[in-house]
Structure formats: C-alpha cells, structure tokens
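The structure appears below as structure tokens.
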Amino acid sequence: MSKRPAAKASVPAEIFRAYDIRGIAGDELDGDLVRRIGQAIGSEALALGIDTLLAARDGRLSSPELFEALGAGIRASGCNVVSLGIAPTPVLYFATHTSPHDSGVMMTASHNPSDYNGLKPVFRRTSMDSDQIQQILLRVEQDRFAHGAGQIGELSVLEDYLRFITDNVRLQRPLKVVIDCANAVPAVVAPALFERLGCEVVALHSELDGNFPNHHPDPTVSENLAELCREVVAGKADFGVAFDGDGDRLGIVDETGTVIEAESMLQLLAEDILPRYPGADIVYDVKCSTRLPRRIRELGGKPCMRRSGHSFMKLAMRETGAPLGGELSAHIFIKDRWFGFDDGVYAAARVAELLAARSEPASVALGASREGCRTEELRLPVPEARKFPLMDAILELADFEQAEIIKIDGLRVEYADGWGLIRASNTTPALLCRFEADTQERLEAIQADFRKLILRADDSLQPPF
C-alpha cells in the first residue's frame, strides 16, 4: 500500500507584510518556508530579467541556518546568489548601487524581538511594495516556481562602503561620540566609520549577539537609550548615536543626555541641503509634527506628507525628486551626495559633519522641535487579522468638527492647536497612536476625542491613553 504524500504546511499569510516578510523564526518562518520563499523571490526576479540576487544577513541567532535556506531556495529557481555575508541592510542597498548587481534580499527582522526573522527583497534598487510582497506569497501558496540550478558567489563590500563614506563626509573638527550598537549588525561598520572620520569613539555593545542581552535594538524607545544618555553625559561626549537591529534607523542623544527626535535631525539636514536645491520637495511621514513642514517652508522647500513605511517613502522620493526625506521612526533618506536609501549610519555621519561645522553644542543645533506637549508613539495591541478591519471601522466613524481629516495612512486629525493620529502598524499586531498639542490640556482633550472614537469602533479595547 503506497504512502500518501505529506500534506503541505499552510503558509502564514500574515507574515507577508506591507513591505517585507517577517515572522517568528522556527514557528511562522522555518527553514523549509524560507527555502520556498527564496525560490519564489528567485522566480519573480527571473521573470523580470534579473538573473542574480545579492544576499546579506544580520546577526540574529536564527540567521545562519535560515540564510542557507534562503540561498538554496533562490538557486533552486535558477537564479544566482552573491553572498555579502553579515552586513547591515544599508550595505546591501549600497551594493545594489555600486556592484554589477542591482537586486538582492536582506535577511533581518530589524527591531523585532530576538525570536523573529524576516526578508527584505529589493529589485532594481527598489524595495518591494505590498502588491509585490503579495505576489511572492501567491507563488509560495501555489508552488509556482521556476526551476534550475543557480550559481553561488561571494562579494565583500564593507570596506568599499566605509571608504565611500569617508571620501564623502568631512568633519571640520574632531568630535567625541558614544556609539551604541545594541549587539546588532551595525556594529560591523559604525564604530570603524566614526574612527576613520577622526572621532574619539566610545563603543557600547559592539559585539554581535542575537539575544540582544543589554537592551532591544530600537532607538525610538527611550528606555533603550538610557545607558547611552548616561555614557554621553559621564564621558562629556559631543553626542551619542544608536542604531536599530539592521542599521537603517538611528537615534541621536545630545551632550546633555537628551534624546533628539528624528524631526530635529531632518530640520538640521534640511538647513544644509535645501540651499543647494531651492524649492525642492522634502518628504516626511504622517507621524511627524506640524512644526516640521512649517520649518521646511521657512527654508524655501515644499513639505510633502506621505504614508509611513520605508518603501512608501522611497517611492515618494523618486516621484518628487526630493533630496531629503524622513520618518519619525528615524528612517532618514538622503539623496544629496548619497543614493537616497535609508541608512542610519550614513545619516549619523552627516549629522556629525554638521555638528562639527558649528560652534554651538548639539543641544542647540538639534533643539528646534522641543516646544509644546507630545506623546511617544502609543501602542494598542490588536490581533493581526483584526487590525485593518478595525482601522477601516474607525475611519468610517470619524467625524471631527473644525478639524482637518487626513487619510493618507490611517486617521490624522489636525486642529488649530494640535493633532492626533491612529494608524495600523506595518510590522506589528497593533494600532499606533501619537498626539501633540500646544498645551497639556489640549493634548488630553484630543486624546479624549480619539478614545471615544476607538471605543465606538470596539468597546472591548483599552486605549493606552
């Protein structure tokens, strides 16, 4: 009696997100599924006339095994693989601009917890959008693969990356910088870069450890920067910098130990860049303050609000020809003297260049956005399958008098003296909220309006404000 073939494991569709693939390693994302995804990505590449994909990985514990599976899957499609080894995401992006190959796949889960992993595909120097990610899912679900025997090669680009930046960025005076790599992959480039730029570097947690034993690699969460703040003050450093899990985002701390928001970095960079591009668009995401577009206009630029997410921001940069863009989450996109992709390490070098050219401390140069009352990003946990229907219900119920409603990404409501935002997270099972107002009283009033709206959509929820 012949054996029946084993049933094919179902594909967890929820890990195929807005601009990448991300799930719990060994559970939602095991070696077999990564191999199949790799074959799907290779098949899609070949269909577009791309015969070789670069591949790099971060330092997560699951990455070595899953990286092998990824390469095997890509090669099984007949597409070739060129491995960059361990490298930050921006180094992969850099290689798509400077090597013979303009497409690739990064294995990382960025700032997600240590048990996650994921894939960021890039075709022809462009990050995949949600429709393209869904095409990969369909190929996996339908076993719609090309078949062949692709070749494998290796390429070392870390030195080229460091040399390119040191040829590009010049510091007028030496700075003392504390760098916190959070035991993540930016450690393979960031301390070395700042030393080459002439800085005195104090490196924290620069050993790769996928357990992230000291703190989580997310510089937008203030508690993750607490040690950096202390070390900057204790060491009398000019500033401190931290990076996320794959190096495409950064956090800055001034000499007083104060955490600097991405908006302030954007304003500083815009002050330098806009004079060379009069009237240019500057792209920012829906989570940013109303003060940022006001400052962009003062500098002679055109503020351009877009949906949050690195692939959406890069699309906006291409559409508008903007020389600069950024998100509140500290993805900074610089097209001036650079390639336009989000690179936390390069952005930190450009900030250092501007600070070194000024006589005032970082707290003055980067202190433009501190007035008013604001919240951090507030997280309302919602099951993955529920978050988008819930967001649709909130949008349907939204009714705010004497306020402007913006639906670029979720619901943003702008009052004369403040604003509020609720949107579905692209990377986690949650709705995300942020509020800002001229006074604490108005901040609380705006939050109350949003709380009522959320509870009208689902009275079982517990808004975190």
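The sequence shown begins at 7 in this note's numbering and counts up one residue at a time. Built from N, CA and C at the ideal position, the CB exists for glycine as well.
DSSP, read as helix, strand or coil, puts residue 370 in helix. No residue range can be given for residue 218, since it is assigned to no alpha helix (DSSP H) and is classified by DSSP as neither H nor E. For residue 235, the secondary structure class from DSSP, reduced to helix, strand or coil, is helix. A Cβ-Cβ separation of about 6 Å places residue 187 in contact with residue 249 under the 8 Å criterion.
Here DSSP, grouped into helix, strand and coil, assigns residue 79 to helix.
Note on the stretch 301 to 335: whole alpha helix (DSSP H) runs with a minimum of 4 residues are 316 to 326, in chain order. If you look at residue 423, you'll find it isn't in any alpha helix (DSSP H); DSSP assigns it neither H nor E.
Remark: fewer than three beta-carbon pairs, one from each stretch, lie closer than 8 Å, so the stretch 156 to 169 and the stretch 65 to 73 are not flagged as touching.
For the 9 Å CB-CB criterion, residue 449 and residue 380 form a contact.
Rounded to the nearest whole angstrom, the CA to CA distance from residue 128 to residue 423 is 41 Å.
When Cβ pairs closer than 8 Å are counted between the two stretches, the stretch 193 to 207 is seen not to touch the stretch 365 to 374, the count staying below three. Apart from sequence neighbours up to five positions away, the residues of its chain that approach residue 387 with a beta-carbon distance below 8 Å are 435 and 436, ordered along the chain. Taking C-beta separations shorter than 6 Å and ignoring five residues to either side along the sequence, the partners of residue 96 in its chain run 253, 254 and 349, following chain order. For residue 41, there is no enclosing beta strand (DSSP E); the residue is part of the alpha helix (DSSP H) that begins and ends at 37 to 53.
Three or more Cβ pairs closer than 8 Å define a contact, and the stretch 223 to 230 falls short of that threshold against the stretch 159 to 179. Residue 172 has its alpha-carbon roughly 40 Å from the corresponding atom of residue 428.
Distances from the alpha-carbon of residue 401 to those of 409, 327, 415 and 407 put 415 closest.
Measuring C-alpha to C-alpha distances from residue 57 to each of 63, 43, 82 and 40 identifies 82 as the nearest.
The three-state secondary structure of residue 442, taken from DSSP, is strand.
Sequence-distant Cβ neighbours of residue 190 in its own chain, meaning closer than 8 Å and more than five residues away, are 64, 65, 214, 218, 223, 249, 250, 251, 252 and 253. Residue environment for residue 148: exposed (fewer than 16 other C-beta atoms within 10 angstroms of its C-beta).
In the structure shown, the three-state DSSP call for residue 230 is helix. The C-beta separation of residue 79 from residue 28 comes to about 17 Å, leaving the pair out of contact by the 8 Å criterion.
By the Cβ neighbour-count rule, residue 287 is buried, with 16 or more other Cβ atoms within 10 Å of its own.
Cβ contact annotation for residue 341 (same chain, cutoff 6 Å, sequence separation greater than five): 329, in chain order.
In the assembly as shown, residue 458 is an exposed residue. Its beta-carbon has fewer than 16 other beta-carbons within 10 Å.
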